[in-house]
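Q: Before I ask anything, let me first share the structure, which is written out below as structure tokens.
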Amino acid sequence: MDFEEVVRKRRSIRKFRDEIFPEDKVVKALELAILAPNSSNVQTWDFHWVKAPEKKKKLVEACLSQSAARTASHLIVVTADGKAWRRSQKPLVNWVRAVNAPKIVIQYYEKLVPVTYNSGFLNIFAPLKWITFFITGLFRPIMRGPVTNRDISEVAVKSAALACENFVLAITSLGGATCMMEGFDEKRVKSLLNLNCSTRVVMVISVGYEGERGTWGPQFRLPFEQVVHIY
Ligand SMILES: Cc1cc2nc3c(=O)[nH]c(=O)nc-3n(C[C@H](O)[C@H](O)[C@H](O)COP(=O)(O)O)c2cc1C
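Read in order, the letters of the sequence shown correspond to residues -3 to 227 in the numbering used here.
Here it is, written out as structure tokens:
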């Protein structure tokens, strides 16, 4: 399938057939998911493939028992943790050094990443960050965030969502079908997977083969001119 075909073929499937979608294809799609662009390449995402039947049953319940979850061959929980930059910082510093990246990039990973992605316990550094951005912004364009730990979490969620899109497009190109879901009880999902409090559950993605009446109908979108603004 070429790219346009994949994009047009992908739909949110609410009913999957009984035939199990092959695991090796899920692995392939996960490999492609983690190639998604992400903020500063700090890769603050995780993919939890819930296979154990008892756990999967509980996850379906946490997904409000919606049919997209109930009938799926596989369920992948995608999470984002604003604090997970810590695990990638050192490997990234080593990597930018190894590839002889410009000095400014090396300094960015050594010095700026720990400041950008950390607002301290109870956001203690947030007021200082906000004032710095505000004053600097009076004189030149500057990024106004992230300021609080919540903002940092939002950055992580954005990147994880891009990985979700890579994943669903990959599954589509491999002949499968998916449904991204935010209809779940985050507290229950987090406790099921023993996730820490800084982790956000971005989406649960169901995977399978499209069943009969898998969609509600043809794809609906607002007109192009209404949502695309050209200046
Ligand atoms: C962040 C997000 C959350 C979603 N949550 C659900 C969900 O919980 N249950 C569901 O059936 N569909 C869910 N969807 C699918 C959307 O309803 C679907 O993408 C939209 O209706 C457009 O249909 P299409 O994907 O077939 O083009 C979600 C999609 C996204 C991107």
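Backbone N, C-alpha and C define an ideal beta-carbon position, used for all residues, glycine too.
Along the alpha helix (DSSP H) that carries Gly133, what are the first and last residues, could you check?
A: Unbroken alpha helix (DSSP H) run through Gly133: 122 to 133.
Q: Does the Cβ of Leu188 have 16 or more other Cβ atoms within 10 Å, making it buried, or fewer, making it exposed?
A: Answer is buried; the Cβ neighbour count reaches 16.
Q: Could you have a look at Val61 and say whether DSSP puts it in helix, strand or coil?
A: One detail in the question is off: residue 61 reads as Ser in this sequence, not Val. DSSP places Ser61 in coil when its eight states are reduced to three.
Q: For ligand 1, any of its heavy atoms closer than 7 Å to the Cβ of Glu178?
A: Result yes, Cβ under 7 Å from ligand 1.
Q: Take Gly210 and list the residues in its own chain whose beta-carbon comes closer than 6 Å to its own, dropping the five residues that flank it on each side.
A: Once the five neighbours on either side are set aside, the close Cβ partners of Gly210 are Ile9, Lys11.
Q: Give the DSSP bridge partners of Thr174, in chain order.
A: BP columns for Thr174 point to Ser8, Val203.
Q: In three-state terms, what does DSSP make of Ile102?
A: DSSP places Ile102 in helix when its eight states are reduced to three.
Q: Can you tell me where the beta strand (DSSP E) holding Trp81 begins and where it ends?
A: First-last for Trp81: 81 to 94, but that is the alpha helix (DSSP H), not the beta strand (DSSP E).
Q: Does DSSP put Leu189 in a helix, a strand or coil?
A: Of the three classes helix, strand and coil, the one that applies to Leu189 here is coil, per DSSP.
Q: Rounded to whole angstroms, what is the Cα-Cα separation between Ala32 and Phe130?
A: Distance between the alpha carbons of Ala32 and Phe130 is about 32 Å.
Q: Compute the distance between the beta-carbons of Trp45 and Ile72, then report whether it is under 8 Å.
A: In this structure, Ile72 lies closer than 8 Å to Trp45 by Cβ.
Q: Are there 16 or more other CB atoms within 10 angstroms of the CB of Ile100, so buried, or fewer, so exposed?
A: Counting Cβ neighbours within 10 Å, Ile100 comes out exposed, since fewer than 16 surround it.
Q: Determine the closest residue to Leu124 out of Val109, Leu134, Gly141, with distance taken between C-alpha atoms.
A: When only C-alpha atoms are compared, the closest one is Gly141.
Q: Output the distance between the C-alpha atoms of Leu165 and Val3, rounded to the nearest integer angstrom.
A: Rounded to whole angstroms, Leu165 to Val3 spans 7 Å at the Cα level.
Q: Assess contact between the region 195 to 213 and the region 65 to 85, defined as three or more Cβ pairs (one per stretch) separated by less than 8 Å. Is contact present?
A: Contact holds: three or more Cβ-Cβ distances are below 8 Å.
Q: Does the beta carbon of Arg10 fall short of 7 Å from some heavy atom of ligand 1?
A: Yes.
Q: For Leu60, which of Asn192, Lys183, Pro98, Pro214 has the nearest alpha-carbon?
A: Measuring from the Cα of Leu60, the nearest candidate turns out to be Lys183.
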